[in-house]
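Chemist: Take a look at the following structure, please.
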Amino acid sequence: MLDINLIREHPELVKKGAAAKRSDVDIDKLLYADEQRRKLIGQIQEFRAAQNVAGERIAKEADKDAKTKAVEEMRELKEKMKTLEAELAEAETTLHALLSLLPNMPSDDTPVGPDESGNVVIRTVGEPTKFDFKPKDHVELGEALGLIDNETGSEVAGARFTYIKGDLALLQNALHQLALSILTDEASLSAVIKEAGLDVPATPFVPVIPPLMIKPEVFQRMARLEPREERYHIPSDDLFLIGSAEHTLGPIHMDETFAEKDLPRRYVAYTPAFRREAGSYGKDTKGILRLHQFDKIEMESFSLPEQSRAEQDLFVAIQEHILKILGVPYQAVQVCTGDMGGPDSRQIDLESWMPGQDKYRETHTADLMTDYQARRLNTRVRRDGGEMQFVHMNDATCIAMGRLLIAIMENFQEADGTIRIPKVLQTWMGGRTHIGK
RNA sequence: GGAGGGGUGGCCGAGCGGUUUAAGGCAACAGUCUUGAAAACUGUAGAUCCGCAAGGAUCCGUGAGUUCGAAUCUCACCCCCUCCGCCA
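Take a look at the structure:
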């Protein structure tokens, strides 16, 4: 949700931003509803003030006739109030509906573009891996080594479900260990911050195991319930399965107020993510690139408004650090207005090189939501001076397991069909250097 | 799932139809006293909305209802606690 004051004071700016994000919300209609709302509130408050005065009179009045007369007057006031309150409710419904449809405004450095084609590659690290043999894709590698079983997955649960087995399951665990060893360690974070030249505190991430289901009203407050056809819903209990740990990490401080000294507050969670992948039939059907269920380590943080951009840069730096120590080639992409999520103000994606497809594919995303989610979640900070502000929220992938496993399998495959285990993961793989040997 | 109890301001806790501004305590902040601190005393303090402001309105888990008037009565829902059942 945007600040209504921003819309009132700079309607042209909001219209421009909304258009760039391909929203067709009628801002003029929104402003009219806002005006109506304020007018009606004024009138209702006058009535209530009169009511309060009359109420006091009735309570104190000793004369019986005078009392009866005053009660009669109150009764009349009440009738008029009813009409006004109904009108107010209508104006508020309209206003809220339009406000929740309106996306966040893009940051000043976000490129304007219609869709994916407007995204801008901001840096490339490493080179696409070269092989002196014909590289296989992860499906071939996985089947040959007994690591991936899509066939049984679809027999048991349907298309886009899989079994990840053996050393690949161990490798996923190793990635989890690696990620937590960095995120929960202040010294490691300091090193990442220094390497990236950032000016942010090295506050460690608090590891969390959050709920995998969420109530619709909370989902709504996160501005993530839509697109609804993308969500799994459990009708018997009216709960949704989360599509990302972000969905239940974000509301962890709803209706709470931080003290300034408690920010930034950082969380990391390792959870499955459930996605219906509606509308992507026939797309990426091979292997484990696009599944209905995949595991993901997610970072989330609450920060002071003026520090949130640097916080996002830290999240990207952490992502890049992990890819670098693994040795996966990637490129960083600044996502344009037309391709961004609704609540996002600034989005940076990392795309890892996947030799099986001869392409960079999205493995990470880092979203700066500014105060867009915090406003509806009512997550605030009391500044040292006493002022109340909404916090800024950041959310980013730390490791999307399936996709990173693909990158590792395909980039580190050997001519003999085995897979080299990145050095930093070997401690958690029994000291072994290869899968399949 | 069944039975019972409960949700009041940062915290504890009174209020159970109208003298409305929610008693009282603790914690907080400022001041007095003190060499300094503690103690004591005095005072100040919440959030949201409308308004340029003065000021006004709202907020006792949430929502609806009864009433001229609701923290207080009714209903639904949510959450917490205790016991029983089931269960990793």
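Following our numbering, the numbering of the first sequence begins with -18 at its first residue and continues without gaps.
Backbone N, C-alpha and C fix where the C-beta goes; we use that ideal spot for every residue, glycine too.
Just so we're clear, the structure is a prediction, and the values are computed from it rather than from any experiment.
Classify K277: buried if its beta carbon has 16 or more other beta carbons within 10 angstroms, exposed otherwise.
Modeler: When all chains shown are included, K277 counts as buried.
Chemist: Within the same chain, show all residues whose beta-carbon is closer than 7 Å to that of A183, passing over the 5 residues directly before and after it, in chain order.
Modeler: Excluding residues within five positions, the ones whose Cβ falls inside 7 Å are E167, L170, S171 and I174.
Chemist: If I'm right that E281 touches D376 with Cβ under 8 Å, what's the distance once you round it to whole angstroms?
Modeler: Contact holds; Cβ gap of about 5 Å.
Chemist: How far does the alpha helix (DSSP H) with S171 in it extend, from its first residue to its last?
Modeler: Here the alpha helix (DSSP H) through S171 covers E167 to A177.
Chemist: What does the Cβ neighbour count give for V314, buried or exposed, with the cut at 16 atoms within 10 Å?
Modeler: Classification for V314: buried.
Chemist: Touching or not, the region 258 to 273 and the region 227 to 245, by the rule of three or more beta carbon pairs under 8 Å?
Modeler: No contact exists between the region 258 to 273 and the region 227 to 245.
Chemist: Which of the three DSSP states is assigned to Q274 in this structure?
Modeler: It is a strand residue.
Chemist: Grab the span of the beta strand (DSSP E) containing L220 for me, first residue to last.
Modeler: First-last of the beta strand (DSSP E) with L220: L220 to L222.
Chemist: Please list, in chain order, all residues of the same chain as D365 whose beta carbon is under 6 Å from its beta carbon, the five residues on each side excluded.
Modeler: These residues qualify, in order along the chain: E241.
Chemist: In whole angstroms, what is the alpha-carbon distance linking L69 and Y311?
Modeler: Whole-angstrom Cα-Cα distance: 53 Å.
Chemist: Assuming M55 contacts Q32 under a Cβ cut-off of 8 Å, what Cβ separation, rounded to an integer in Å, is found between them?
Modeler: Between Q32 and M55 the Cβ distance is about 7 Å, and since that is below 8 Å, they are a contact.
Chemist: Cα separation between I420 and A72?
Modeler: The structure shown does not extend to residue 420, since the chain is modelled only from -18 through 418, so no value can be given for it.
Chemist: Do R202 and L(-17) have their CB atoms nearer than 8 Å?
Modeler: Result no, Cβ atoms of R202 and L(-17) do not sit closer than 8 Å.
Chemist: Quick check on the burial criterion: 16 or more other C-beta atoms within 10 angstroms. Buried or exposed for S326?
Modeler: By the neighbour-count rule (16 or more Cβ atoms within 10 Å), S326 is buried.
Chemist: Buried or exposed, going by whether 16 or more other CB atoms sit within 10 Å of the CB of M369?
Modeler: When all chains shown are included, M369 counts as exposed.
Chemist: Check for me: the alpha helix (DSSP H) holding H302 runs from which residue to which?
Modeler: Per DSSP, H302 belongs to the alpha helix (DSSP H) from S289 to L307.
Chemist: Is P208 buried or exposed, if buried means 16 or more other CB atoms sit within 10 Å of its CB?
Modeler: P208 is exposed by the Cβ-count criterion.
Chemist: What does DSSP give as the partner residues of M369 in its beta bridges?
Modeler: R363.
Chemist: For K196, which residues of its own chain have a beta-carbon under 7 Å away from its beta-carbon, when the five flanking residues on both sides are left out?
Modeler: So the list reads L220, once near-sequence residues are dropped.
Chemist: Looking only at its own chain, which residues have a Cβ that is under 6 Å from the Cβ of R104, when we skip the five neighbours before and after it?
Modeler: Once the five neighbours on either side are set aside, the close Cβ partners of R104 are A313.
Chemist: Going by beta carbon distance, what residues of the same chain come within less than 6 Å of H433, once the five residues before and after it are set aside?
Modeler: It is not possible to answer for residue 433, since the shown part of the chain is limited to -18 through 418.
Chemist: Just how far apart, CA to CA, sit I380 and P116?
Modeler: So the alpha carbons of these two residues sit roughly 24 Å apart.
Chemist: If you draw a straight line from the alpha carbon of P84 to that of P324, how long is it in whole angstroms?
Modeler: Each residue's alpha carbon lies about 6 Å from the other.
Chemist: Classify S98 as buried or exposed, calling it buried when 16 or more other Cβ atoms lie within 10 Å of its own Cβ.
Modeler: Looking at its Cβ environment, which holds fewer than 16 other Cβ atoms inside 10 Å, S98 is exposed.
Chemist: Distance, Cα to Cα, K50 vs L12?
Modeler: K50 and L12: Cα-Cα distance of roughly 42 Å.
Chemist: Just how far apart, CA to CA, sit F255 and K63?
Modeler: Whole-angstrom Cα-Cα distance: 46 Å.
Chemist: To which residues of the same chain is H415 closer than 8 Å at the C-beta, ignoring the five residues directly before and after it?
Modeler: The residues are E395, T399, I400, R401 and I402.
Chemist: For the beta strand (DSSP E) containing H345, list its first residue and its last residue.
Modeler: Here the beta strand (DSSP E) through H345 covers K340 to L349.
Chemist: Is the region 336 to 352 touching the region 132 to 140, taking contact as three or more C-beta pairs under 8 Å?
Modeler: No, the region 336 to 352 does not touch the region 132 to 140.
Chemist: Does DSSP classify P253 as helix, strand or coil?
Modeler: It is a strand residue.
Chemist: Mind checking who V102 pairs with in its DSSP beta bridge?
Modeler: Answer is V314, bridged to V102.
Chemist: Please identify the residue among D348, A78 and F283 whose C-alpha is closest to the C-alpha of I(-15).
Modeler: I(-15) has its Cα closest to that of A78, out of D348, A78 and F283.
Chemist: Please name the residue or residues paired with H214 in a DSSP beta bridge.
Modeler: The partner list for H214 (beta bridge, DSSP) reads F221.
Chemist: Go to I329, then tell me how far its beta strand (DSSP E) extends in each direction, as first and last residue.
Modeler: That run of the beta strand (DSSP E) goes R327 to M335.
Chemist: Report the CB separation of E292 from V181 in whole angstroms; it is logged as a contact under 8 Å.
Modeler: With 8 Å as the limit, E292 and V181 qualify as a contact, their Cβ atoms being about 6 Å apart.
Chemist: If you reduce the DSSP assignment to three classes, tell me which class N85 lands in.
Modeler: If DSSP states are grouped into helix, strand and coil, N85 belongs with coil.
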